[in-house]
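Peer 1:
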Amino acid sequence: MNSDNKPDIIVANNGGSSVGVLLNAGSGTFNAQTVYSVNSSPVSVAVVDVNSDNKPDIIFADQFSDNVCVLLNGGSGTFNAETTYSIGGDPTSVAVVDVNSDNKPDIVVANADSNNVGVLLNTGNGTFIAQTTYLVDSHPYSVVVVDVNSDNKPDIVVANQVSNTVSVLLHC
């Protein structure tokens, strides 16, 4: 997070309405958590450079405010105020990966109460267009993006909590 080439830990503090950053001190130890207050209840985090400044940014699902939020890295392990994107439907999990082959990481979010997965395309400057949704089974709770059919295109895999099923959205 602070460009020292040591892996850091990022956590969603759901009950504390914050996102925490624990910078790697080396030798398997970490500094005390730096807390960034956020709007509501973060439940899932991803760390990716979304604005092409070579600094990792934090993206998280804010479950009870029905938003996906982005914290742009301000440098030296600090972050700018969150930018929120209204999702609706209880977002529970995020993945950030380039889904449309434009070399910009996009946000994929499981929307549990809406029974869909949303895709927010990256504009390239750290902002995203409104989500496009895709229906899945009952109460999607976790999402990953991986090429499941070896066609070199990202596919979306969703674990559905209530129906105890997995949905696979193949990239066309």
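To convert, count from 1 in the sequence shown and add 4; that's our numbering.
All C-beta atoms in this analysis are idealised placements derived from N, C-alpha and C, irrespective of residue type, glycine included.
(1) Between H175 and N84, what straight-line distance do the alpha-carbon atoms span, to the nearest angstrom?
(2) Pick out whichever of V112, V150, G128 has its Cα sitting closest to the Cα of T137.
(3) Take the Cβ of L139 as the centre, count every other Cβ of all protein chains shown within 10 Å, and call the residue buried at 16 or more, exposed below.
(4) For the region 129-136 against the region 145-158, are there 3 or more C-beta pairs whose distance is under 8 Å?
(5) Once you ignore the five residues that flank S87 on each side, which residues in its own chain have a CB closer than 6 Å to its CB?
(6) For I160 versus V100, is the C-beta distance shorter than 7 Å?
(7) Classify K10: buried if its beta carbon has 16 or more other beta carbons within 10 angstroms, exposed otherwise.
(8) Which stretch, first to last residue, makes up the beta strand (DSSP E) that contains C73?
(9) Just to check my reading of the structure: N55 and L27 have Cβ atoms closer than 8 Å, yes? What is that Cβ distance to the nearest angstrom?
(10) Quick one: residues in its chain with C-beta nearer than 6 Å to the C-beta of G78, no 5 flanking neighbours on either side, listed in chain order?
(11) Scan the region 86-168 and note each continuous beta strand (DSSP E) run of 3 residues or more that stays entirely inside, going in chain order.
(12) Apart from the five residues just before and just after L76, which ones in its own chain have a Cβ nearer than 7 Å to its Cβ?
(13) According to the Cβ coordinates, are V98 and A163 closer than 7 Å?
(14) Please name the residue or residues paired with V52 in a DSSP beta bridge.
(15) With burial defined as no fewer than 16 other Cβ atoms inside 10 Å of the residue's Cβ, what is the status of N107: buried or exposed?
(16) According to the neighbour-count rule (16 or more other Cβ atoms, all chains shown, within 10 Å of its Cβ), is N185 buried or exposed?
(17) Are the CB atoms of V25 and T33 within a distance shorter than 7 Å?
(18) Cα separation between G92 and V123?
Peer 2: Taking the geometry as given:
(1) 33 Å
(2) V112
(3) exposed
(4) no
(5) According to the sequence as given, residue 87 is Thr; it is not Ser. If we look at T87 and ignore the five residues flanking it on each side, its Cβ neighbours are V74.
(6) no
(7) exposed
(8) 71-75
(9) Not a contact, Cβ separation roughly 21 Å.
(10) N84
(11) 87-90, 95-101, 110-115, 120-124, 136-139, 144-150, 159-164
(12) N55, D61, F83, N84, G130
(13) no
(14) D61
(15) exposed
(16) Outside the shown range of the chain, which is 5 to 176, sits residue 185, and nothing can be said about it.
(17) no
(18) 13 Å
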